[in-house]
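Down below is the structure, laid out as structure tokens.
2 protein chains.
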Amino acid sequence: MKIVILLFDNFTALDVVGPYDVLNKLPNSEIYLVGLEKKEYKDIYGLKILAAYSIDEISQADILLVPGGGGIDNLLKNKKITDWVRDIDNTTKWTVSVCSGSLLLAQAGLLNGKNCTTHWMRKDQLRNYNNVTIKDERYVQDGNIITSAGVSAGIDMAIYLISLLAGEQTAKMIQLAIEYDPKPPFDCGSPDKMPKEIIDRMKNKK
Amino acid sequence: MKIVILLFDNFTALDVVGPYDVLNKLPNSEIYLVGLEKKEYKDIYGLKILAAYSIDEISQADILLVPGGGGIDNLLKNKKITDWVRDIDNTTKWTVSVCSGSLLLAQAGLLNGKNCTTHWMRKDQLRNYNNVTIKDERYVQDGNIITSAGVSAGIDMAIYLISLLAGEQTAKMIQLAIEYDPKPPFDCGSPDKMPKEIIDRMKNKK
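As you go down the protein sequences, you meet chains D and P in turn.
Letter by letter, the first sequence follows residues 1 to 206 in the numbering used here.
Letter by letter, the second sequence follows residues 1001 to 1206 in the numbering used here.
Printed below as a string of structure tokens:
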């Protein structure tokens, strides 16, 4: 199973590493970290991760994963990237995104006519694309595409993806291996659970 | 706020990056990635992350975070590392661990007489240390030490830590920023939620 994860400057590290630690546990799979160029990319706080392959070297994938982060906006204008995403999607079993990564799928035309989701702060932006139906769910599967909500939702999505690829038993064992029995300290991880003034302040600060 | 995260070969990437993405959002904080040497360390699957500082360059921290992973066992025998952990703990406000990182705290003597936890597969090993009381909780605070359960528990612990450092409101906003409203596909993330035969198989495979 060839799993390709796209890197770019100003990605969100947890969007990548959450699914990375889950998907690496899938038997007979290999993860390829890929960038526009073969080089190190910095996350939003400066952590460097190497894309060991350029997109020119990757023409096929079983799974394509696009993470999010502030840098996604720069990719949306890059025709070489959007063409590559569309071409790779033609070869994949599953094309998936975490957080604002769904914007790149939309820009490549892959969410046309589809149900999907994204980080709550990016929903207005995603709504600008034609014929896209946004759902308030942790992850949304439509056809061969699975989009997830913000950052940490990539972990839930990746475990679900394992269940599709290798069955429920394997997915459950991997969930247990990362001891994913979450007990967040607060019940506030979704915008409907926080006061509107906080939501507005966070949207304006972005 | 000086936050020091220890890297070593065969660390678990999510143990580092979960708390990293949470703690980086704390105002006026800086994260220092530190290793026995100043060099790149590989996670359990080969992902390289740079320790920009050697432990010789770091003699103080407000927060020390020790992640886990298969490589923790090699550190336990390294007196230079255990001495450094003990010395740094003398300067910290909080010393915390994720997953099997608690073993290094125990080896440094910091869990003597303390309540603590670790990855469920590591509890027998942690129990070998003198005067250590293991709790079946997501994270355990005792004095200035907070230990967490396996891998993904570092996210819950880091949000809780933010609430101690900067108050509940800031912690809630950071939890919302990473949209941490978990909905795992299965209810199986803790060993008491899976059949004993699976637990035994996973323990034997380790």
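Backbone N, C-alpha and C fix where the C-beta goes; we use that ideal spot for every residue, glycine too.
These figures come from a predicted structure and were not determined experimentally.
Contact check, residue i vs residue j, beta carbons under 8 Å
{"i": "Leu1050/P", "j": "Leu1033/P", "result": "yes"}
{"i": "Val1016/P", "j": "Pro1067/P", "result": "yes"}
{"i": "Trp1094/P", "j": "Ile1063/P", "result": "yes"}
{"i": "Tyr139/D", "j": "Thr117/D", "result": "yes"}
{"i": "Cys99/D", "j": "Gln1175/P", "result": "no"}
{"i": "Pro1019/P", "j": "Ala1158/P", "result": "yes"}
{"i": "Asp1142/P", "j": "Asn1112/P", "result": "no"}
{"i": "Gln85/D", "j": "Leu104/D", "result": "Contrary to the premise, residue 85/D reads as Val rather than Gln in this sequence. It is a contact, given that the beta carbons lie within the stated cut-off."}
{"i": "Leu26/D", "j": "Leu165/D", "result": "yes"}
{"i": "Glu1030/P", "j": "Ser1054/P", "result": "no"}
{"i": "Asn1128/P", "j": "Gly1071/P", "result": "no"}
{"i": "Asp89/D", "j": "Leu1014/P", "result": "no"}
{"i": "Ala61/D", "j": "Thr92/D", "result": "yes"}
{"i": "Ser1152/P", "j": "Ile146/D", "result": "no"}
Closer than 7 Å: residue i CB and nearest the ligand GTP heavy atom
{"i": "Asn1130/P", "result": "The ligand GTP is not part of the structure shown, which contains no ligands of any sort."}
Within-8 Å CB hit, residue i to chain C
{"i": "Asn24/D", "result": "Absent from the structure: chain C. Protein chains present are D and P."}
As assigned by DSSP and simplified to three states, the class of residue i
{"i": "Tyr45/D", "result": "coil"}
{"i": "Val66/D", "result": "strand"}
{"i": "Ser163/D", "result": "helix"}
{"i": "Leu14/D", "result": "helix"}
{"i": "Pro50/D", "result": "According to the sequence provided, residue 50/D is Leu. The question's Pro does not apply to it. Three-state DSSP puts Leu50/D in a strand."}
Bounding residues of the beta strand (DSSP E) (the contiguous stretch that carries residue i)
{"i": "Leu6/D", "result": "Lys2 to Leu6"}
{"i": "Thr147/D", "result": "Ile145 to Ser148"}
{"i": "Leu33/D", "result": "Glu30 to Gly35"}
Residue-chain proximity (residue i, chain D), Cβ-Cβ < 8 Å
{"i": "Ala1166/P", "result": "no"}
{"i": "Lys1002/P", "result": "no"}
{"i": "Phe1011/P", "result": "no"}
{"i": "Asp1156/P", "result": "yes"}
{"i": "Val1132/P", "result": "no"}
{"i": "Gln1175/P", "result": "yes"}
{"i": "Pro1027/P", "result": "no"}
{"i": "Leu1050/P", "result": "yes"}
{"i": "Val1151/P", "result": "yes"}
CB contact below 8 Å: residue i versus chain P
{"i": "Ser163/D", "result": "yes"}
{"i": "Tyr160/D", "result": "yes"}
{"i": "Tyr32/D", "result": "no"}
{"i": "Tyr41/D", "result": "no"}
{"i": "Ile5/D", "result": "no"}
{"i": "Asp181/D", "result": "yes"}
Residue span of the alpha helix (DSSP H) that contains residue i, given as start and end
{"i": "Asp200/D", "result": "Lys196 to Lys205"}
{"i": "Glu168/D", "result": "Glu168 to Ala177"}
Exercise. Which residue spans inside the region 70 to 143 of chain D form an unbroken beta strand (DSSP E) run of at least 3?
Worked result: The qualifying runs are 94 to 97, 114 to 116, 132 to 134 and 139 to 142.
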